Every structure is written in C-alpha cells, then in structure tokens.
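Visitor: Before anything else, here's the structure in question.
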Ligand SMILES: Cc1ncc(COP(=O)(O)O)c(C=O)c1O
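Chains as they are written, first to last, in the working numbering: chain A, 5 to 147; chain B, 317 to 721.
This is the structure in structure tokens:
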C-alpha cells in the first residue's frame with residue numbers, strides 16, 4: 005500500500021466529504037478558533053460543557069481532508085466525556101500522529117489517521133482541531 | 317547556450333535527491349556549488365569582523381563583503397553605495413516603512429498598495445499606518461490577474477504618499493508595469509517602494525529604469541544563502557532616510573546624549589552583518605550574471621509556456637494568473653474541490669515538490685475566492701521533464717481523488 009493509500013483511507017474520505025457535527029452550536033459555553041498559518045486551514049470549535057462534561061461539540065471552518073476528518077471524528081469522540089477524559093484522548097491522539105505510537109483502542113475511528121505520523125508536513129493538519137480542544141478546555145476551566 | 321540540464325549539475329541537492337522535481341523556487345531556490353563553496357572558502361580563509369579590525373584578516377573579510385556589495389550593485393545596475401545588505405526582502409521593506417513612514421506619514425495620508433502584495437509589502441505598512449494615522453488603499457486586480465490600471469489612476473491622488481508594489485506576483489506570476497506606474501506615482505510626489513523578491517531572481521533588473529526610490533530583494537530566492545538580502549535605494553532617497561536600527565557600525569560620532577550617523581549604506585547596517593551570507597549572495601549574483609539574466613528569463617518563459625500548454629490538458633485543473641508575455645514562471649492551481657494540501661501530498665508521493673496555502677498573500681486569495689492554492693514555480697535548474705512529471709502526478713492524483721472532483 006502506498007503512503008497515500010495508507011493515509012487517505014475510506015474512513016477519512018467519508019468524514020472529510022461529509023463531516024459530522026459541522027456547523028455552529030447554539031448555546032455553546034465555549035468557542036475557540038484555531039488556524040494553521042502555513043496552509044490557511046481554519047477551524048472554530050464550539051463546546052457545550054455541562055457539569056464538567058462535554059455535552060455537545062461542533063465545528064466550522066475549512067481545510068484539507070486531514071484536518072476536516074480529524075475534527076469530524078474528534079467531535080464524535082469527545083461527546084459525553086469529562087474534560088480530563090477529553091484531554092487524555094488528546095494526549096493519545098498526539099502520541100499516535102506526532103510520536104508515531106500505535107493507536108490507543110479508545111481512539112476508535114481516529115486510528116485511521118495514524119499514517120499522518122509518517123508525513124511530517126501533515127501533522128499540523130491532524131492536530132489543528134485538537135489544539136483548539138485543548139485551548140477550549142483551558143478556557144472553560146474555572147481558574 | 318543555456319542548458320538547464322547542465323545548470324542542474326551545478327546544484328548538489330539534485331545529486332543527493334536525483335528523483336526530486338523541485339517546483340518551489342518561489343519560496344526559496346536551491347544553491348549552486350559556487351555559492352556553497354564561496355561561503356565555505358570565506359570561513360576557511362577570510363573570516364573576521366568587518367570594518368573594525370586593524371589587522372590583515374579583518375581587511376580581507378571587509379574586502380570580501382564589499383566585493384559582494386559591488387557584485388549586487390552590478391547585478392541591479394546600481395552603485396555599490398546604494399546597496400544596503402539586510403536579511404531579506406521582509407527586512408528591507410520594514411526598514412523603509414519604519415524609517416521613512418514614521419518620519420513622513422501623517423493622519424490623512426494614503427499608502428497605496430496592491431491586492432497582489434505579499435504580506436511582507438503590506439503588514440509593515442499597516443503597522444506604520446496604525447502609528448501615524450495614514451490609511452491604506454489597494455489597487456484591485458482585473459479578472460485575468462493583472463493590476464487594474466484605470467483603478468490605479470483613480471486611486472492615485474495628492475494624498476498618496478507611498479506607492480508600494482511588487483514587480484512580480486509570487487502567486488499569479490504577473491509582472492507589473494512598474495516603471496510606468498512608478499513614474500505616475502512619483503509625479504504625484506509619492507515615494508515608490510518596489511518588492512523585487514520574485515522579479516530579481518528571474519528577470520534582468522536595471523533598478524534605475526524602474527523610477528523607484530527603493531527596491532527590496534531576498535538573496536535566498538536568487539541562489540544565495542538564507543539571511544542575506546538587499547535594499548537598494550536611489551542615492552538621494554537613501555541620503556534622506558533616517559536610521560532604522562541603531563548600534564555599532566552605523567554611526568559617525570557618539571556621545572551619551574546623541575549620535576551622528578554614517579552615510580549610506582553603513583547607516584542602515586547596524587551591528588555585525590551576515591558576512592558569509594553576503595559573500596555567498598555575491599557569488600550567486602556572479603553565477604546568474606554568467607548565465608545571463610536575459611537567458612534566465614527566456615528559460616523561465618519557455619518553461620512556463622510549455623507548462624501552461626501541458627496543464628491545460630489536465631481535466632478539472634483550475635489555473636490562476638494571466639496569459640501573456642507579462643508573466644514569470646509561477647503557476648498557482650487547484651484541482652476540482654480537492655484541498656491543495658491533499659493534492660500536494662499526492663504530488664509529494666511522486667517526488668514533485670510544490671507549495672500549498674495562501675503563499676503569504678491572503679488578500680489575493682480572498683480576491684480569487686479561495687482559501688488556498690497549490691503553486692509550482694520554476695527556476696534555472698528546471699527542465700521540461702519536470703513539467704511532464706508534474707502533469708503525470710496530477711493525472712494520478714486526479715484518479716486517486718476521483719470522488720473530490
Ligand atoms: C513577492 C514577495 N515579497 C516578499 C517576500 C518575502 O521574502 P522573505 O521571506 O525572504 O523576506 C516573498 C517571499 O516569499 C515574496 O514572494
């Protein structure tokens with residue numbers, strides 16, 4: 005399998021073409037923007053946090069298949085999680101795409117993005133939504 | 317005769333990456349052996365600080381540095397004392413914007429830029445505008461991607477104090493009629509600042525014929541090392557310009573309260589410069605002059621025409637930029653609805669290196685109605701077979717991403 009086939013798997017293509025949770029979120033308790041200055045990809049992440057849990061997560065923006073599918077799958081995965089659980093998922097996701105570690109089972113569909121680790125130029129695309137998540141959680145936490 | 321295959325052999329990078337199709341010279345060019353060797357030779361034989369030591373080695377270093385300045389002067393058709401070494405075009409443009417702008421701009425003044433400017437020739441003017449109350453106006457583009465000359469004529473007014481324009485667009489490849497525009501702007505009393513970052517590497521430049529006050533370029537885009545660029549200034553314009561950075565080497569006499577400044581170009585070269593990089597840039601200018609800039613331009617043009625013809629065969633490929641003789645070897649494109657970043661990964665897989673994104677020209681992309689494009693750019697070492705490889709890779713990518721078209 006070529007690197008390209010390894011990267012652009014069915015799952016990724018589906019999420020990129022028809023992203024889940026796409027569109028603004030009414031009643032969001034936190035909203036943060038993220039962008040990738042090198043390629044112009046952009047995301048707005050909306051979270052509704054209730055009792056320390058992410059009740060809902062949606063996003064808007066534009067970008068490549070990697071950044072869009074990552075945001076789509078991430079917003080699926082973090083729904084219902086506590087903030088700490090979400091941060092733990094972020095850590096595991098980054099371990100996979102940045103460090104090249106094997107995907108943790110909790111990552112589910114996101115394991116389709118593991119090929120990104122071999123393509124350094126694309127790591128920032130995959131982590132765009134997750135960086136926004138980290139920032140959103142930071143902002144949502146009572147300091 | 318100009319033989320790109322022979323030229324290519326002068327560039328060690330292609331020995332180490334024999335299959336590489338490098339189509340990103342607009343971002344930074346590769347370096348010929350002559351440039352790398354000049355830099356190494358300088359460090360091994362001549363290095364000391366410049367303009368300071370009373371010993372032989374420092375004289376040698378100073379001589380190497382000043383020879384590089386003379387070479388850049390010859391390259392630009394200028395005098396050596398009009399050539400200021402800076403880090404890159406960005407620094408050159410900031411130097412003018414701050415040094416001239418903070419001194420001369422007032423509330424109600426206008427800075428005229430264009431919609432195709434690189435951020436390097438826009439953001440410095442915004443920063444200075446914010447501090448002086450000046451306003452920024454932009455010359456719009458025609459549908460083909462040229463400057464709208466009628467709009468230029470309307471926008472130019474007695475309030476226009478600065479006209480800042482790129483000689484060649486780093487996205488569309490458009491070569492602007494700078495001499496004509498500059499003459500009109502200067503007649504109105506505006507300072508004319510030309511961004512030559514893309515033009516200087518590719519076409520013969522005689523700065524005096526451009527009617528400009530200042531001209532900025534980056535050495536690393538014209539076969540030189542990173543870290544050395546040039547601000548050319550018309551002698552009178554430089555003489556009137558206050559310093560930008562203060563420190564050693566740029567002064568005449570210093571007391572605790574005040575200083576008097578050295579004449580240009582030293583006035584604008586505070587601190588220890590990038591000596592080895594300047595020496596390398598001098599070698600790059602020599603290399604290009606040996607090839608002949610007329611030949612470099614003819615080569616770029618021929619490759620561009622061939623590429624446009626071949627790329628027109630690729631279905632779903634959208635090409636940006638004007639068709640005509642007023643265009644250099646830069647092609648921005650998009651394939652169907654596919655994001656250019658995904659496209660570039662597919663091209664990279666086949667050894668074809670292109671850049672994607674907004675190429676530091678967001679207002680231009682907004683005008684084109686896209687967030688990003690992929691961009692192929694040519695230089696002296698590119699051959700028609702590189703174009704063929706690009707076309708093949710695009711056709712393959714089109715198959716692979718068929719759902720996205
Ligand atoms: C037209 C233009 N102006 C300015 C620059 C800035 O060059 P540098 O980053 O070397 O300062 C570039 C380089 O990308 C350019 O293409």
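In this text, a Cβ means the ideal position worked out from N, Cα and C, and glycines have one as well. As the structure is a prediction and not an experimental result, all values here were calculated from the model.
Whose Cβ in chain A lies nearer than 7 angstroms to the Cβ of residue 688 (chain B)?
Guide: What residue 688 (chain B) touches in chain A: 43, 44.
Visitor: Give me, in chain order, the residues of the same chain whose beta-carbon lies closer than 8 angstroms to that of residue 103 (chain A); leave out the 5 immediate sequence neighbours on both sides.
Guide: Result list for residue 103 (chain A): 121, in chain order.
Visitor: Using a Cβ-Cβ cutoff of 8 angstroms, what residues of the region 45-59 of chain A are near chain B? List them in chain order.
Guide: If the cut-off is 8 angstroms between Cβ atoms, the region 45-59 of chain A has 45, 46 near chain B.
Visitor: Does any residue of chain B bring its CB to less than 8 angstroms from the CB of residue 61 (chain A)?
Guide: Not closer than 8 angstroms to any Cβ of chain B, the Cβ of residue 61 (chain A) fails to qualify, so no.
Visitor: Could you pull out every unbroken beta strand (DSSP E) segment of at least 3 residues lying fully inside the region 24-65 of chain A, listed in chain order?
Guide: Fully enclosed beta strand (DSSP E) runs of 3 or longer: 34-40, 45-54.
Visitor: Using DSSP with H/G/I as helix, E/B as strand and the rest coil, what is residue 658 (chain B)?
Guide: Correct three-state label for residue 658 (chain B): helix.
Visitor: Based on Cα-Cα distance, which residue from B:356, B:538, B:395 lies nearest to residue 380 (chain B)?
Guide: Considering only alpha carbons, the answer is B:356.
Visitor: Just to confirm my understanding: we take residue 468 (chain B), look at its own chain, exclude 5 residues before and 5 after, and list those with CB closer than 6 angstroms. What are they?
Guide: Closer than 6 angstroms at Cβ, skipping near neighbours: 455.
Visitor: According to DSSP, is residue 635 (chain B) part of a helix, a strand, or is it coil?
Guide: Here residue 635 (chain B) sits in strand by DSSP.
Visitor: How do the region 69-77 of chain A and the region 121-135 of chain A stand: do at least 3 beta-carbon pairs fall below 8 angstroms, yes or no?
Guide: They touch, by the three-pair rule.
Visitor: Report, in whole angstroms, the separation of the C-beta atoms of residue 477 (chain B) and residue 506 (chain B), which I expect to be a contact under 8 angstroms.
Guide: That belief holds up - the Cβ atoms of residue 477 (chain B) and residue 506 (chain B) are roughly 6 angstroms apart, short of 8 angstroms.
Visitor: 8 angstroms is my cut-off, CB to CB: does residue 6 (chain A) come that close to chain B?
Guide: By this cut-off, residue 6 (chain A) is an interface position.
Visitor: With DSSP run on the structure shown, which of helix, strand or coil describes residue 603 (chain B)?
Guide: Here residue 603 (chain B) sits in helix by DSSP.
Visitor: Identify which residue in B:681, B:350, B:318 has its Cα closest to the Cα of residue 327 (chain B).
Guide: Ranking the options by Cα distance to residue 327 (chain B), first place goes to B:350.
Visitor: Assuming residue 436 (chain B) contacts residue 409 (chain B) under a Cβ cut-off of 8 angstroms, what Cβ separation, rounded to an integer in Å, is found between them?
Guide: Correct: roughly 5 angstroms between the Cβ atoms.
Visitor: Cβ of residue 536 (chain B) within 7 angstroms of any heavy atom in ligand 1?
Guide: Under cutoff, so the answer is yes.
Visitor: Given a cut-off of 8 angstroms on the beta-carbon distance, is the pair residue 28 (chain A) and residue 50 (chain A) in contact?
Guide: For residue 28 (chain A) and residue 50 (chain A), yes; Cβs fall inside 8 angstroms.
Visitor: Thinking just about the alpha-carbon of each residue, which of B:570, B:548, B:637 is nearest to the one in residue 411 (chain B)?
Guide: Among B:570, B:548, B:637, the Cα nearest to that of residue 411 (chain B) belongs to B:548.
Visitor: Is residue 340 (chain B) closer than 8 angstroms to residue 671 (chain B) when the C-beta atoms are compared?
Guide: In contact: residue 671 (chain B) and residue 340 (chain B) (Cβ atoms closer than 8 angstroms).
Visitor: Check the Cβ of residue 17 (chain A) against every Cβ in chain B and list those closer than 7 angstroms, keeping chain order.
Guide: Neighbours of residue 17 (chain A) on chain B, chain order: 719.
Visitor: In whole angstroms, what separates the C-alpha of residue 336 (chain B) from that of residue 538 (chain B)?
Guide: Straight-line Cα distance between these residues: approximately 19 angstroms.
Visitor: Tell whether a beta-carbon distance below 8 angstroms holds between residue 320 (chain B) and residue 615 (chain B).
Guide: Their beta carbons are under 8 angstroms apart, which means residue 320 (chain B) touches residue 615 (chain B) by this criterion.
Visitor: Look at the alpha carbon of residue 399 (chain B) and the alpha carbon of residue 142 (chain A), and state the distance between them as a whole number of angstroms.
Guide: Computed Cα separation, rounded: 50 angstroms.
Visitor: From this set, A:44, A:127, A:137, A:145, which residue's C-alpha is nearest residue 81 (chain A)'s C-alpha?
Guide: Answer by Cα proximity: A:137.
Visitor: Please look up how many angstroms separate the CB atoms of residue 488 (chain B) and residue 432 (chain B), rounded, as I've assumed it's under 8 angstroms.
Guide: Indeed, because the Cβ distance is near 6 angstroms, the residues count as touching under 8 angstroms.
Visitor: Under 8 angstroms, with one C-beta from each stretch per pair, do the region 660-669 of chain B and the region 690-710 of chain B reach the 3-pair mark?
Guide: Taking 8 angstroms as the limit for Cβ pairs, the verdict is that the region 690-710 of chain B does touch the region 660-669 of chain B.
Visitor: Alpha carbons only, please: which of B:663, B:482, B:558 is nearest the one belonging to residue 528 (chain B)?
Guide: Measuring from the Cα of residue 528 (chain B), the nearest candidate turns out to be B:482.
Visitor: Output, in sequence order along the chain, the residues in the region 112-130 of chain A whose CB is closer than 9 angstroms to any CB in chain B.
Guide: Those residues of the region 112-130 of chain A that come within reach of chain B (Cβ to Cβ, closer than 9 angstroms) are 123, 125, 126, 129.
Visitor: Just by C-beta distance, which residues in the region 61-93 of chain A are closer than 9 angstroms to chain B?
Guide: Under the 9 angstroms Cβ criterion, the region 61-93 of chain A contributes 66, 67, 68, 69, 70, 71, 72.
Visitor: Excluding the 5 residues preceding and the 5 following residue 86 (chain A) in the sequence, name in chain order all residues of the same chain whose CB lies nearer than 6 angstroms to its CB.
Guide: If we look at residue 86 (chain A) and ignore the five residues flanking it on each side, its Cβ neighbours are 56, 57.
Visitor: Quick one, which of B:718, B:626, B:607, B:599 has its alpha-carbon nearest residue 384 (chain B)'s?
Guide: Here the closest residue by C-alpha is B:599.
Visitor: Let me know the secondary structure DSSP gives residue 67 (chain A) once reduced to three states.
Guide: Correct three-state label for residue 67 (chain A): coil.
Visitor: When the Cα atoms are used, what is the spatial distance from residue 105 (chain A) to residue 128 (chain A)?
Guide: Roughly 17 angstroms separates the two Cα atoms.
Visitor: Hey, quick one: how far does the beta strand (DSSP E) through residue 671 (chain B) stretch, first residue to last?
Guide: Per DSSP, residue 671 (chain B) belongs to the beta strand (DSSP E) from 671-673.
Visitor: If you compare alpha carbons, which of B:534, B:578, B:562 is closest to residue 404 (chain B)?
Guide: The shortest Cα separation from residue 404 (chain B) among B:534, B:578, B:562 belongs to B:534.
Visitor: Quick one: is the Cβ of residue 129 (chain A) within less than 7 angstroms of any heavy atom of ligand 1?
Guide: Result no, Cβ not under 7 angstroms from ligand 1.
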